[in-house]
Amino acid sequence: MPATVLVLVETINDYLPILEHQGFHLILAPTPAERAQAIASHGARIDAVLTRGPLGLTAEEIAALPALKIITVIGAGYEHVDLQAASDRGITVTNGAGVNASSVADHAMAMLLALVRDIPRCDAAVRRGEWPKIMRPSLANKRLGILGLGAVGMAIARRAHLGFDMQISYHNRQLRSDVPYTFCSTPTELARASDFLIVATPGGIGTQHLVTRPVLDALGPNGFIVNIARASVIATAELISALEQRRIAGAALDVFDHEPQVPDALKTLSNVILTPHVAGLSPEATQGTVELVGKNLVAFFSGQPVLTPIALPPRLNNQRVH
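Numbering of the sequence shown is given in the working numbering, commencing with residue 4 and proceeding in unit increments.
Below, the structure is given as structure tokens:
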């Protein structure tokens, strides 16, 4: 009997035949109402859940899925998946770290260029019949700080260094001996050494509010910040204050605390560029992501090690392991 997969992700429908051709039975539930209904109606026979970081999977939902054996997360982030509940049940969790790195890095550089060169204002002016001579900084030979040098951060660094001759510094949980870039021991030190700062860390408790007022003040009134990671990494209220007071020059944001809601203050600021959490979305990235999900599911249900397991916290009880 084929394994049943509950699909909570709303952006991958064109690529779901990849999983169907591998023999999996799919239940699609991309809206909150459909999700609740699917769990209530089919919970007893759902073997796997396909989700993404912001959508997550709660402890209550895990408890309502007695046959659940594996949770697969597209993308690197899994901040709203209850890892403790999964661990207590012996449920495997995987993610898609690195698969969409090229797409996210492309978007990060596009946002940085648009922000620093003020492309939206130039475009709007021309559409109004105006022809302003707006002079803005170039990216060439500038100092780029990257907060988080994982797969996405590395892809950004390569583009910036090789494509724009930028000097790269980074802050990471630990020094990387395999890169030629300058390590900074704190986010504040990184910001002080940067003209532009790109946030590329995972979400979650470990990175929450890494960027607060001291970091923003270190970036300074001529500095720009881009966030294609998770909104939780930046203290939003302090970012808005810095933008309003022009203590930093501008921000480009693809992620927000309560998506799809965006603070009105950000919408009214002329030194801000906003996109609807689409950095990781491209046909290439989406296909690669679903293919990795398929490989993990096939491996798991064949009794083989999964390709991209997430380390889980220690179990807190003695519930039966599937």
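For glycine and all other residues, C-beta sits at the position ideal for the given N, C-alpha and C. Bear in mind that the values here come from a model prediction, so they are computed numbers and not experimental data.
With DSSP as the reference, identify every bridge partner of residue i, one or two as the case may be.
i: Ile65; result: Paired residue(s): none; Ile65 is not in a bridge.
i: Gly253; result: Phe227
i: Gln25; result: Paired residues: none, contrary to the question.
i: Gln264; result: His261
i: Phe186; result: Tyr173
i: Ile199; result: For the record, residue 199 in the displayed sequence is Phe; it is not Ile. Its beta-bridge partners are Leu147 and Phe227.
i: Thr75; result: Leu53 and Thr97
In three-state DSSP terms, what is residue i?
i: Arg176; result: coil
i: Gly156; result: helix
i: Gly99; result: coil
i: Thr7; result: strand
i: Ile313; result: coil
Let's see if you can read the secondary structure: which residues bound the alpha helix (DSSP H) around residue i?
i: Phe304; result: Pro286 to Phe304
i: Phe227; result: Phe227 -> not in any alpha helix (DSSP H); beta strand (DSSP E) instead, spanning Phe227 to Asn230.
i: Ala221; result: Arg216 to Leu222
i: Leu118; result: Ala104 to Val119
i: Ile122; result: Ile122 to Arg130
i: Ile42; result: Pro35 to His45
i: Asp91; result: Leu86 to Arg92
Output the boundary residues of the beta strand (DSSP E) element that contains residue i.
i: His28; result: His28 to Leu31
i: Thr271; result: Run containing Thr271: none in the beta strand (DSSP E); it sits in the alpha helix (DSSP H), Asp267 to Thr271.
i: Ile239; result: Rather than Ile, the amino acid found at residue 239 in this sequence is Thr. Note, Thr239: premise wrong, no beta strand (DSSP E); alpha helix (DSSP H) at Thr239 to Glu247.
i: Ala51; result: Ala51 to Arg55
i: Leu277; result: Val275 to Leu277
How close, in whole Å, do the beta carbons of residue i and residue j come, if the pair is a contact with beta carbons under 8 Å?
i: Val229; j: Ala111; result: 6 Å
i: Arg139; j: Val119; result: 6 Å
i: Val257; j: Ile237; result: At residue 257 the sequence reads Asp, which differs from the Val that was named. That belief does not hold up - the Cβ atoms of Asp257 and Ile237 are roughly 12 Å apart, past 8 Å.
i: Gly226; j: Ala196; result: About 11 Å; that fails the 8 Å criterion.
Could you tell me whether the region 168-181 touches the region 92-105, using the rule of 3 or more Cβ pairs below 8 Å? no
Is it true that the region 17-34 meets the region 67-86, where meeting means three or more beta-carbon pairs spaced less than 8 Å apart? no
May I ask you to verify whether the region 213-222 touches the region 248-265, counting CB pairs closer than 8 Å and requiring at least 3? yes
Tell me, please, whether the region 50-64 touches the region 190-202 by the rule of three or more beta-carbon pairs shorter than 8 Å. no
Does the region 29-43 come close enough to the region 264-272 that 3 or more CB-CB pairs lie under 8 Å? no
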